[in-house]
Amino acid sequence: MTQGRLIGAVEAGGTKFVLALAREDGTILMRERIATETPATCFPAMAAFFDAAQDAHGRIDAFGVASFGPIDIDPASPAYGTFTTTPKPGWAGARFHDVLGRFGAPIVVDTDVNGAAMGEWMAGAGQGCDTVAYTTVGTGIGTGVVNRGRSLLGFSHYESGHILPPHDRAADPFGGACPYHGDCLEGLACGPAIEKRWGRSLDQLGTAEVELVAGYIAHLAATLVLLHMPDRLIFGGGVMKAPGLIEAVRRQTEAKLGGYVKHPRLDAGLERYIVLPGLGDDAGITGAIALGQKILGIGALRQG
């Protein structure tokens, strides 16, 4: 048996769940990836992983869940941890506590992008910053903003992917793929929207398509600067791996800001300001572990 307290961590994405058992210092002892599919298949597989983790290493003391949404992340709400209006079939009304509650450990739930922002702030590209905005552009689009280790939100989490950007229908006649808004940012620039529009992923397309998608992402980047003035913008997710995309986003964001915001953080060309994740694909699970650390009160929050 492992000495010390243990954390069960869940990074719940639109395509896959990453599950981990970690020591309280963040060291990962077990890890598994399962398909998101539906709660009927995903939740039993998740429970089986944590059952096996407990059998191998001992009782789990806390769970940190960083999940896709929309999801209720208000701890005072009776629906805390429940998916609300998510467009993902079968997930509306599903609740993490219904499957993890039987382990008898406290559970904290936040969004996947807030978790990734937390992970990057602690140990990745956000180190040395007070405020970090992490955006994923993948199966969906979402942004988490962390200030000195605390997720920012209002009555619910932010939904940057559903901002309506300028849409030149002559240049881009695609009507959008979002079932709620059509041509919001997610409806125009997420991975499934790109596949629906062109029949291929962005990394298989040319410069014109990359520039078009970059324009939508740059609209979000400029909006984040104006609304939050973060110290750094981090863009992750599968779409952002397309060659030339991050460079195009930097260039177009700088043009959209038009020189209005002047600050040493905004370097010429934005190469240090708009960056890819320092933790790569591990940002989300690192953040989920950090959520569990917060429950245990063991100093998950780095001092700014």
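For the sequence shown, this note's numbering begins at 1 and goes up steadily by one.
Built from N, CA and C at the ideal position, the CB exists for glycine as well.
In whole angstroms, what is the alpha-carbon distance linking residue i and residue j?
i	j	result
Gly252	Glu211	Contrary to the premise, residue 252 reads as Gln rather than Gly in this sequence. Cα to Cα, Gln252 sits roughly 9 Å from Glu211.
Ala189	Leu164	11 Å
Ser160	Ile141	7 Å
Asp130	Val213	29 Å
Ser67	Ala94	12 Å
Ala53	Asp110	22 Å
Ala170	Ile194	17 Å
Gly138	Pro87	15 Å
Leu226	Leu220	10 Å
Ala248	Gly206	13 Å
Pro243	Arg232	21 Å
Ala92	Ala268	44 Å
Met122	Asp183	34 Å
Thr286	Gly175	36 Å
Arg23	Val275	30 Å
Gly119	Arg33	18 Å
Lys256	Tyr216	11 Å
Gly26	Ala290	8 Å
Val113	Asp55	31 Å
Leu224	Arg150	17 Å
Ala177	Leu202	16 Å
Tyr158	Gly4	35 Å
Leu245	Thr135	14 Å
Ile71	Thr82	6 Å
Thr15	Glu37	7 Å
Ser156	Gly101	23 Å
Ala208	Leu185	18 Å
Ala116	Ile295	17 Å
Thr20	Met30	In the sequence as displayed, the identity of residue 20 is Ala instead of Thr. Looking at the two C-alpha atoms, the distance is approximately 5 Å.
Taking only beta-carbon positions, decide if residue i is within less than 8 Å of chain B.
i	result
Ala53	In the structure shown, chain B cannot be found, because there is only a single protein chain.
Just grab the DSSP bridge partners of residue i for me.
i	result
Gly182	Cys178
Asp110	Ala66
Phe17	Ala12, Ile34
Tyr134	Gly144, Ile234
Thr82	Arg95
Ala268	None; Ala268 has no bridge partner.
Arg150	Asn147
Lys261	For clarity, residue 261 is Val in the given sequence; the question names Lys instead. In DSSP, Val261 forms no bridge with anything.
Val275	Ile234
Arg23	Leu6
Ile73	Ile73 pairs with nothing; no bridge assigned.
Ile28	Ala22
Grab the span of the beta strand (DSSP E) containing residue i for me, first residue to last.
i	result
Ile285	Unbroken run through Ile285 is the alpha helix (DSSP H), 283 to 296; no beta strand (DSSP E).
Gly191	First-last for Gly191: 191 to 198, but that is the alpha helix (DSSP H), not the beta strand (DSSP E).
Where do the ends of the alpha helix (DSSP H) carrying residue i lie?
i	result
Tyr216	207 to 228
Leu245	245 to 257
His57	39 to 57
State yes or no: is the C-beta of residue i nearer than 7 Å to some heavy atom of the ligand ATP?
i	result
Tyr134	In terms of ligand content, the structure shown is empty, and the ligand ATP therefore cannot be addressed.
Inter-stretch contact at 8 Å, needing at least 3 Cβ pairs: the segment 90 to 106 / the segment 49 to 69: yes
contact_flag[the segment 227 to 236, the segment 268 to 283] where n(CB pairs < 8 Å) is 3 or more: yes
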